[in-house]
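Notes follow once the structure below has been shown.
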Amino acid sequence: MRCELYKHEWIDQPGDTILKGKIINLKLLEKGDIPLFTEWANDEEYGGKFEPLDQCSLDDMLKWYENLPSTEQWFFIEKKDGTKIGHILYSKERDHYTIGFILRIEERGKGYCTEAVKTLVDYLFLTKDIVRIQAEANPANTASCRVLEKSGFTREGVLRKICFIRGMWLDGALYSILREEWETPKILTVSIRGASSNT
Numbered sequence: 052m053r054c055e056l057y058k059h060e061w062i063d064q065p066g067d068t069i070l071k072g073k074i075i076n077l078k079l080l081e082k083g084d085i086p087l088f089t090e091w092a093n094d095e096e097y098g099g100k101f102e103p104l105d106q107c108s109l110d111d112m113l114k115w116y117e118n119l120p121s122t123e124q125w126f127f128i129e130k131k132d133g134t135k136i137g138h139i140l141y142s143k144e145r146d147h148y149t150i151g152f153i154l155r156i157e158e159r160g161k162g163y164c165t166e167a168v169k170t171l172v173d174y175l176f177l178t179k180d181i182v183r184i185q186a187e188a189n190p191a192n193t194a195s196c197r198v199l200e201k202s203g204f205t206r207e208g209v210l211r212k213i214c215f216i217r218g219m220w221l222d223g224a225l226y227s228i229l230r231e232e233w234e235t236p237k238i239l240t241v242s243i244r245g246a247s248s249n250t
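Quick note, in the working numbering, the sequence shown goes up one by one and the last residue is 250.
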């Protein structure tokens with residue numbers, strides 16, 4: 052799969068970040084996207100039974116967006132026609148990065164999420180001076196576990212009762228991919244000048 056990367060300095064330029072893949076694009080979340088993002092956050096089917104259902108107002112979400120730390124970035128997963136079908140994010144945790152993702156239920160099973168994860172992994176290893184990226188998924192969420200495994204992640208173990216969701220304590224399977232396991236970009240096919248960064 053081939054992919055083009057536009058504007059390698061984009062991380063501080065909301066709206067200019069586009070990671071362009073074969074079947075999806077990743078586009079940085081903008082302030083104008085918050086009404087749609089609020090709608091999704093309040094949609095019980097979007098996150099499903101493995102995600103908390105936090106009812107949020109538009110004002111709450113705008114405040115959240117304005118206070119996002121610089122070490123955390125959220126992207127929409129878009130089809131080639133610009134249709135937004137999910138989101139993916141990364142955040143810095145000490146000396147590694149953690150990623151997370153959700154795809155709309157009607158778009159699952161089509162390869163979109165796997166390409167989104169591979170694209171974000173490429174971006175992080177190309178632009179950050181790190182050796183590890185990790186993610187968590189509920190062990191019963193076999194679809195998310197498969198996405199991570201197809202993206203080169205290794206399951207390290209289970210974090211027992213790591214999160215309280217919808218009245219229940221749930222386990223989390225811990226996955227990671229190391230730089231030496233990644234080796235080369237899987238989606239992005241361009242070099243990024245001045246790529247080393249710790250933010």
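Glycine included, every Cβ here is placed at the ideal spot set by N, Cα and C.
Because the structure is a prediction, the values reported are computed rather than measured.
ask   = If you pair each beta-carbon of the stretch 71-80 with each one of the stretch 126-142, do three or more pairs fall below 8 angstroms?
value = yes
query = Is valine 182 helix, strand or coil when you go by DSSP?
reply = coil
ask   = Can you name, in chain order, every residue of its own chain whose Cβ lies under 6 angstroms from the Cβ of glutamate 231, other than the five neighbours on each side?
value = Contacts found: none.
key: glycine 208 and cysteine 214 closer than 8 angstroms at C-beta   = no
request  = List the residues that DSSP assigns as beta-bridge partners of cysteine 214.
outcome  = Leu221
request  = Determine the direct distance from the alpha carbon of isoleucine 150 to that of lysine 201, and round the result to whole angstroms.
outcome  = 15 angstroms
Per-residue burial, serine 121 [other beta carbons within 10 Å of its own, 16 or more giving buried] = exposed
task = Enumerate in chain order the residues of its own chain whose CB-to-CB distance from phenylalanine 204 is below 7 angstroms, with the five nearest sequence positions on each side excluded.
result = Ala186, Tyr226, Ser227, Ile228
message = What does the alpha-carbon distance come out to for the pair aspartate 105 and leucine 171?
response = 26 angstroms
key: Backbone secondary structure at arginine 206 - three-state DSSP   = strand
message = Taking a contact to mean a Cβ-Cβ separation below 8 angstroms, would you say tryptophan 233 touches phenylalanine 176 in this structure?
response = yes
inquiry  = Quick test of your reading: proline 86 and leucine 119, contact by CB under 8 angstroms. State the CB separation rounded to the nearest angstrom.
reply    = Incorrect: roughly 17 angstroms between the Cβ atoms, too far for contact.
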